[in-house]
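Residue numbers (this note's numbering), protein chains in the order written: chain A, 896 to 1173; chain B, 435 to 686. Where is the CB? At the ideal position from N, CA and C, for every residue including glycine.
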């Protein structure tokens, strides 16, 4: 049987497994939110914030393991609070955002290490959170993700004002766009999106999930609306294909998705370079 | 008497702005009649941009500002057309000039432009001689081209008050003359009030009013009364090589 057919059969097989169906649905939900946020992360240069919040999620997961609760329910408020704290320090002091992130990044890793050391019997569980796992998504997680994504629908009407302030903050302020409130909301949405993606992508790679679709789409877009649509498309495509790849090759799901995103970014880069030369 | 001068476009009373230890403006009071063209002059750091930002509500201040008889809270943002001095926008942001102009109508970034918005934006760009820039990426425009696009963005909403912070920065001499022509034409047809920060004293001589500012009001009134040697010496400390300008309105 040709290799293509074998892969096709394998993909159909995968769809027959409930755990894969859950992972696929979770991946789709998460990629919708991440794909929408990624252009803002790229244009506002927030990729380090993504890293900082991913480490906050790590501390939250470790706390959950330590207290023997569902780690995501600890990671969600913890990451959200860290996102708010970083934004507060940036807004209220003259410190730059990367400095504020650096402080909370270190604090989160330190707390995570302490919690994990106290939750010794559960370190194996932590590996699933670090790299993402197809088996990790439970039916309860799907419900939680669905609910949080409904909440995230509030992000849609904010696209226009957020994009305006991303281009020119002062101009948006002069038009009385509540830019500071929107900064907090964006940080909050990033925190929620990151925590939701942790089960599928893993803590280590989750920040890339928020950066690469937007970065690849930016290379190919002339307008911000085009960038947003393309980012959504690339996030969904890489997640779906990445999950199949993970199933077929027995790779960690997060690594499979991010590797595919990197390939898409490489293709976008090559296209950009050749277009410029022409 | 021009009927437009009967109403006050802007009343500023005892305005003070402080940034930490730095007093940017202190006790500024002025009354600008509707339809006036006010040139704001003063040395660097005199608080000229801060004054415009206070009028827009961009900086916290003490004192009172009323626009067209209303407190700032009661004003409609669409009354104001603002062209900032330094374009702080993100040059890597993927945007077309036309989209920026439409923000002047929508006050948010457009996902999709309606045909009516496109028409209006093209007309606004055409008014400032920038129709050809409509579909050009914003990040690839020169300083002078950007000024035109920002001006089109300010004009598309048909503002009652135009606030221009050194609009001729980066514009060549021909473009500068064009710019003043567009402003005059808009003011003529709309009766709008214009407040323009400028370092071009010749342009200031053509304004209906001149505000000489150095953290406080040093002089305010028609050019022949405000642009006096005494006022300018008080504001700038010295007149330097521009001393021939203040009286005649010629080139330095």
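Query                                                                                                                                                                                           : Result
Which one or two residues does DSSP pair with residue 462 of chain B in a beta bridge?                                                                                                          : B/449
Is residue 1075 of chain A close to chain B, meaning its C-beta is less than 9 Å from at least one C-beta of that chain?                                                                        : no
Is it a yes or a no for the stretch 1060 to 1080 of chain A touching the stretch 529 to 548 of chain B, going by three-plus beta-carbon pairs under 8 Å?                                        : yes
Using a beta-carbon distance below 9 Å, is residue 986 of chain A in contact with chain B?                                                                                                      : no
Kindly indicate the opening and closing residues of the alpha helix (DSSP H) around residue 1046 of chain A.                                                                                    : 1034 to 1047
Can you name, in chain order, every residue of its own chain whose Cβ lies under 8 Å from the Cβ of residue 472 of chain B, other than the five neighbours on each side?                        : 466, 627, 628, 629, 630, 641, 642, 643, 644 and 645
Verify the CB distance criterion: does residue 681 of chain B have a CB-CB separation below 9 Å to chain A?                                                                                     : Confidence in residue 681 of chain B is poor, its pLDDT being 48 and thus under 50, which makes the residue's placement too unreliable to answer from.
Can you list, in chain order, the residues of the stretch 930 to 948 of chain A whose Cβ is nearer than 7 Å to any Cβ on chain B?                                                               : 938
Tell me the DSSP secondary structure of residue 627 of chain B in three-state form.                                                                                                             : strand
Can at least three beta-carbon pairs, one atom from the stretch 522 to 532 of chain B and one from the stretch 1056 to 1066 of chain A, be found at a separation below 8 Å?                     : yes
In chain B, what lies closer than 8 Å to residue 1065 of chain A by C-beta?                                                                                                                     : 492, 518 and 522
Between residue 1097 of chain A and residue 1025 of chain A, which are expected to be in contact by the criterion C-beta below 8 Å, what is the C-beta distance as a whole number of angstroms? : 5 Å
Taking all protein chains shown into account, decide if residue 1141 of chain A is buried (16 or more other Cβ within 10 angstroms of its Cβ) or exposed.                                       : buried
Chain B partners of residue 1072 of chain A, CB-CB under 8 Å?                                                                                                                                   : 541 and 542
Among the candidates B/528, B/459, B/447 and B/475, whose CA atom is the shortest distance from the CA of residue 666 of chain B?                                                               : B/475
Go ahead and label residue 933 of chain A buried or exposed: buried means 16 or more other beta carbons lie within 10 angstroms of its beta carbon, across all protein chains shown.            : buried
Under 7 Å between beta-carbons, which chain B residues line up against residue 1119 of chain A? List them in chain order, please.                                                               : 527, 528, 529 and 543
So with CB distances below 7 Å, who are the chain B contacts of residue 1058 of chain A?                                                                                                        : 543
State the DSSP-derived secondary structure class of residue 443 of chain B, mapped to helix, strand or coil.                                                                                    : strand
Using C-beta distances below 6 Å, list every residue in its chain close to residue 961 of chain A, excluding the 5 sequence neighbours before and after it, in chain order.                     : 1010, 1013 and 1014
Which word fits residue 915 of chain A, buried or exposed, when buried means at least 16 other C-beta atoms lie within 10 angstroms of its C-beta?                                              : buried
Assuming residue 1091 of chain A and residue 1077 of chain A form a contact by the criterion Cβ under 8 Å, report the distance between their Cβ atoms to the nearest whole angstrom.            : With a Cβ gap of about 21 Å, residue 1091 of chain A and residue 1077 of chain A do not count as contacting.
Could you check the C-alpha separation between residue 1170 of chain A and residue 568 of chain B for me, to the nearest Å?                                                                     : 22 Å
Closest to residue 511 of chain B by CA distance: which of B/501, B/519 and B/560 is it?                                                                                                        : B/501
Could you list which residues in chain B have their beta carbon closer than 8 Å to that of residue 1055 of chain A, in chain order?                                                             : 540, 542, 543, 544 and 545
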